[in-house]
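Below is one structure; the comments refer to it alone.
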Amino acid sequence: MAIFDKFKNGLEKTRDFFSQGFTKITAQFGHFDEEMLDDLEMLLVQADVGMETAGGLIDHIKAEIKKTGDDKSDTVLRNLKTAMLDAIGKPARYELDPDKLNVILLVGVNGTGKTTTAGKLAWRFHNQGEKVVIAAADTFRAAAIEQLEVWADRADADLVKSEQGSDPASVVYNAIQAAKSRQASCLIVDTAGRLHNKKNLMDELAKIRRIVNREAESAVVTCLLVIDATTGQNALMQAHAFNEATDLDGLIITKLDGNAKGGIALTVAQQSSLPIYFAGLGEQVDDLQDFDATAYVDSLIPEHLFHEKK
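At position 19 of the sequence shown (counting the first as 1) the number is 19 in the working numbering, and the numbers step up by one without a gap.
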């Protein structure tokens, strides 16, 4: 399935919500006035585009109307698309360095889908011909280790684990040694789900990062925050908190297909200034896709809304 179709299918709930709202706003007029722009702003907020981001998008539209005098609905939509792409930022794509060990640290709060994401990434890189090692560093949850055992078998990856309740940092240390000795190209570290207001857990995450930096000094280390799209604006707090605990390199947005509030990806990208590398668009193994900003925006604002009313 083409990447646009993946985004189109995955964002169906958000697209339907936005389409219905936009059609309702423009039901009687083909041009936007101040009140209709306010309604559009509220529609964006309801789709989990935060107040600050939504306000910035509408300000852009207002500035374009003032400059050109064109307030037709089609023009407003095109300007909204442009503003959304600007808010997301420059395109970013995660690529493994073929000449080094690549370490991917997956962090985030409980329930965001880190373990499943770790497995899907392992499957993805295995299919690309890479040698993958997975570190089961979520030692607080036995189910996480069991999940990773299934994924490791599916992806023909080596799993480094320990007993439930053991020191996560020691698992990471052992996994690094295993990745080196087995000449792996990729080490994926699944960390425990941590509450972002628990200092001791954040300190533990910082400890894991120090061990990676020390033991895999020449590796390319990428720390990715896994965010559940259904958590809404709380995702912003998570991004800020985790960025303080360990320097984040990017984001993975999961469960974009889970509700009608897929606008959170736009807000988190803009407010955190972090690139979104992957998007979870379903339950299947290949539903973890490279985040494509154009496909994302096109999926939110479908072509059938463009009809040049006069």
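Even for Gly, the Cβ is constructed at its ideal location relative to N, Cα and C.
Best match in E303, H304, S299 for proximity to D5 [C-alpha to C-alpha]: That would be S299, whose Cα lies nearest to the Cα of D5.
Simplified DSSP state of N79, which is helix, strand or coil: The three-state secondary structure of N79, taken from DSSP, is helix.
Where G129 falls, given that 16 or more other Cβ within 10 Å makes a residue buried: Exposed is the call here.
Straight-line Cα distance separating D257 from D292: When rounded, the distance between both Cα atoms is 15 Å.
Range covered by the alpha helix (DSSP H) that runs through D59: DSSP places D59 in the uninterrupted alpha helix (DSSP H) bounded by 51-68.
F306 classed as buried or exposed, judged by whether at least 16 other C-beta atoms fall within 10 angstroms: Exposed: under 16 other Cβ atoms inside 10 Å.
Heavy atom of the ligand FMN within 7 Å of L288 beta-carbon: The ligand FMN is not part of this structure, which contains no ligands at all.
Beta-carbon proximity check, K180 vs V171, cutoff 8 Å: Cβ atoms of K180 and V171: not closer than 8 Å.
Option in V107, N102, Y296 with minimal Cα separation from A216: In terms of Cα proximity to A216, the closest of V107, N102, Y296 is N102.
Spatial distance of L57 from M84 (CA atoms): Roughly 7 Å between the two C-alpha positions.
G10 classed as buried or exposed, judged by whether at least 16 other C-beta atoms fall within 10 angstroms: G10 should be labelled buried.
Residue of T23, G55, W151 minimising C-alpha distance to S73: Its Cα nearest to that of S73, the residue T23 stands out among T23, G55, W151.
Other residues of its chain near K310: CB distance less than 7 Å, five sequence neighbours each side excluded: Its pLDDT being 39, under 50, K310 is placed unreliably in this model, and the value from its coordinates should be taken loosely. Excluding sequence neighbours, K310 sits near G30.
Alpha carbon of T230 to alpha carbon of T14, nearest angstrom: About 11 Å.
Other residues of its chain near N174: CB distance less than 7 Å, five sequence neighbours each side excluded: V160, listed in sequence order.
As assigned by DSSP and simplified to three states, the class of I301: Taken through DSSP and simplified to helix, strand or coil, I301 comes out as coil.
Own chain, CB closer than 8 Å to D138, minus 5 neighbours either side, in chain order: Within the same chain, D138 has close Cβ partners K114, T115, A144, I145, P168, D190, T191, A192, G193.
Environment of E283 [buried if 16+ CB atoms lie within 10 Å]: In the assembly as shown, E283 is an exposed residue. Its beta-carbon has fewer than 16 other beta-carbons within 10 Å.
CB-CB length for D48 against I264, believed under 8 Å: That pair is a contact at about 4 Å.
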